[in-house]
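Novice: 1 is the number of the first residue of the sequence shown in my numbering; add one for each residue after it. Every residue gets a Cβ at the ideal spot worked out from N, C-alpha and C, and that includes glycine.
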Amino acid sequence: MTSELGRLIAHRIALTGPISVADFMAEALGHPRLGYYRRALPVGAAGDFTTAPEISQMFGELIGAWLAERWLAMGRPAFNLVELGPGRGTLMADALRATRGTPGFHASLRLHLVETDAPLRALQAQALAAFAPTWHERFDDVPTGPLLLVANEFFDALPVRQFEKTAHGWRERMVGSPDGETLTFALAPGATPFARFLPDAAEGTQAEISEAGRALAGAIGARVKRDRGWALIIDYGYDSGAGRSLQAVRGHKGAGILERPGETDLSAHVDFAALAAAADAPTFGPVPQGDFLRRLGLLQRAETLKSRASAAQRAAIDAASARLIGKDRMGTLFRVLAVGDGTSPPAGFSEAP
Ligand SMILES: C[S@@+](CC[C@H](N)C(=O)[O-])C[C@H]1O[C@@H](n2cnc3c(N)ncnc32)[C@H](O)[C@@H]1O
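1. Is there contact between the segment 207–218 and the segment 259–275, where contact requires at least three CB pairs shorter than 8 Å?
2. Take D140 and list the residues in its own chain whose beta-carbon comes closer than 7 Å to its own, dropping the five residues that flank it on each side.
3. What is the C-beta distance between E172 and Q206, in whole angstroms, given that I count them as a contact (C-beta under 8 Å)?
4. On the DSSP letters alone, give me the boundaries of the alpha helix (DSSP H) that P399 sits inside.
5. Return the chain-ordered ranges of every alpha helix (DSSP H) run that is complete within the segment 122–152 and spans a minimum of 4 residues.
6. Do G229 and L148 have their C-beta atoms within less than 8 Å of each other?
7. For the segment 72–83 and the segment 33–46, state whether three or more C-beta atom pairs, one from each stretch, are separated by less than 8 Å.
8. Count the other C-beta atoms from every protein chain shown that fall within 10 angstroms of the C-beta of D291, then say buried if there are 16 or more, exposed otherwise.
9. With a threshold of 7 Å, establish whether the CB of N152 neighbours any heavy atom of ligand 1.
10. By DSSP, does T304 sit in helix, in strand, or in coil?
11. Could you pull the start and end residues of the alpha helix (DSSP H) that E211 belongs to?
12. Among L337, V43, R110, L5, whose alpha-carbon lies nearest the alpha-carbon of G281?
13. Return yes when the C-beta of D227 is under 7 Å from any heavy atom of ligand 1, and no when it is not.
14. For the beta strand (DSSP E) that contains T166, what are its first and last residues?
15. Less than 8 Å between the beta carbons of L96 and F131, yes or no?
16. Could you pull the start and end residues of the alpha helix (DSSP H) that S108 belongs to?
17. Report all residues from its chain with a CB closer than 6 Å to the CB of G47; omit the five preceding and five following residues, and keep chain order.
18. Note down the Cα distance separating P53 from Q126, rounded to an integer number of angstroms.
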């Protein structure tokens, strides 16, 4: 049994023909009434997946310290503090608590949250009430002016097109519906325009392109160059070339990509080289999340928290640290990219001298 949105998409395909995987993903996540990121409460133990800020307060605290340091380096301007896809608001709440001690930082900021999901907006309103945030549907709606931006696990939710190299060249993977009810994958019979962005490769090679991710990185790069500022993009992904990575998760378990759209999380690995190129501005990294957090002082912060914790809490802090910075865990699966108007690497992007 598919979902209500699955039936709507199959109906649309029956009327107008197969759609790209990117169009399917945009509908499944963003349909105004039934899309997953319009109506779900996905993040956290009771949702479909968990994220770094929900694992430990240390994550948001260290990002807060990074943002405050960048603000000082910019000369303490009035600025827009922007988060793309703030989830439950935990990262930003931790970052703002950790920056209380930076004189003038809170007084200089206006908080802007880019979020489509109504139940998550309600949680963000509770977590961040003291900072009177303004919500936006899109980054382009954030007012002009100097900015500091953070996006954790946001780019992975942006639609991707998928391709496969065949004996006849690159072919796009499409979503069709042979019976007007079931959704199935099929390769487009002829070349589609995006195939020309792909390099030559062996038959059977898979590839993904996120036009939405590239367009957003370009918009962020243009802003930081024009208005001054820095953006920190954190996500799981590759330095370059993502193969076929689109995956579906429901209730903390893997699911079929075409199964129950609107009730299933869809995400794809982020191609950081493509984002950096599209930003067309100075970029630093990507560096593994573990290196980034260690350089910002995660281990020292963990020791401080443990010094006033019970034995059970100390064990939980150690487990969270291992998850955030461990090899073959978030420490190496996730990467961090900075886009900014500077020439030397910000904190976390090189070993301290
Ligand atoms: C994977 S969650 C990450 C949440 C949070 N950053 C964290 O680390 O816990 C993705 C977030 O981006 C939001 N989101 C996804 N696609 C979006 C879009 N196209 N426009 C605006 N917000 C979106 C979701 O509602 C959610 O808040």
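Specialist: This is what the structure holds:
1. Yes: the two stretches touch, three or more of their Cβ pairs being nearer than 8 Å.
2. For the purposes of this step, residue 140 is taken as residue 140 along the sequence shown, with counting starting at 1. Hits under 7 Å: A219.
3. Working through the sequence shown from its first residue, we reach residue 172 at position 172. Working through the sequence shown from its first residue, we reach residue 206 at position 206. Not really, about 11 Å apart at Cβ, beyond 8 Å.
4. In the structure displayed, the chain extends from 1 to 353; residue 399 sits before or after that span and is not available.
5. Segments of the alpha helix (DSSP H) lying fully in the segment 122–152: there are none.
6. As a working note, residue 229 is residue 229 in the sequence shown. As a working note, residue 148 is residue 148 in the sequence shown. Yes. Within cutoff.
7. No: fewer than three Cβ pairs fall under 8 Å.
8. Stepping through the sequence shown from its first residue, residue 291 is reached at position 291. It counts as buried.
9. Within the sequence shown, numbered from 1, the residue matching residue 152 stands at position 152. Residue side-chain check: N152 places its Cβ nearer than 7 Å to a non-hydrogen atom of ligand 1.
10. Working through the sequence shown from its first residue, we reach residue 304 at position 304. Here T304 sits in helix by DSSP.
11. The residue given as residue 211 occupies position 211 in the sequence shown. 211–227 is the span of the alpha helix (DSSP H), which, as asked, contains E211.
12. Along the sequence shown, one-based indexing puts residue 281 at 281. Going by the sequence as given, residue 281 is Ala instead of Gly. Cα-wise, what sits closest to A281 is L337.
13. To locate residue 227, count along the sequence shown from 1; it is residue 227. No, since every heavy atom of ligand 1 falls outside the 7 Å radius drawn around the Cβ of D227.
14. Indexing the sequence shown from 1 puts residue 166 at position 166. Run containing T166: 161–166, per the beta strand (DSSP E) assignment.
15. Position 96 of the sequence shown holds residue 96. Position 131 of the sequence shown holds residue 131. Between L96 and F131, the C-beta spacing is below 8 Å.
16. Taking the first residue of the sequence shown as 1, we reach residue 108 at position 108. Unbroken alpha helix (DSSP H) run through S108: 105–108.
17. Taking the sequence shown and counting its residues from 1, the one referred to as residue 47 is at position 47. Excluding residues within five positions, the ones whose Cβ falls inside 6 Å are L41.
18. In the sequence shown, counting from the first residue as 1, residue 53 sits at position 53. In the sequence shown, counting from the first residue as 1, residue 126 sits at position 126. Distance between the alpha carbons of P53 and Q126 is about 16 Å.
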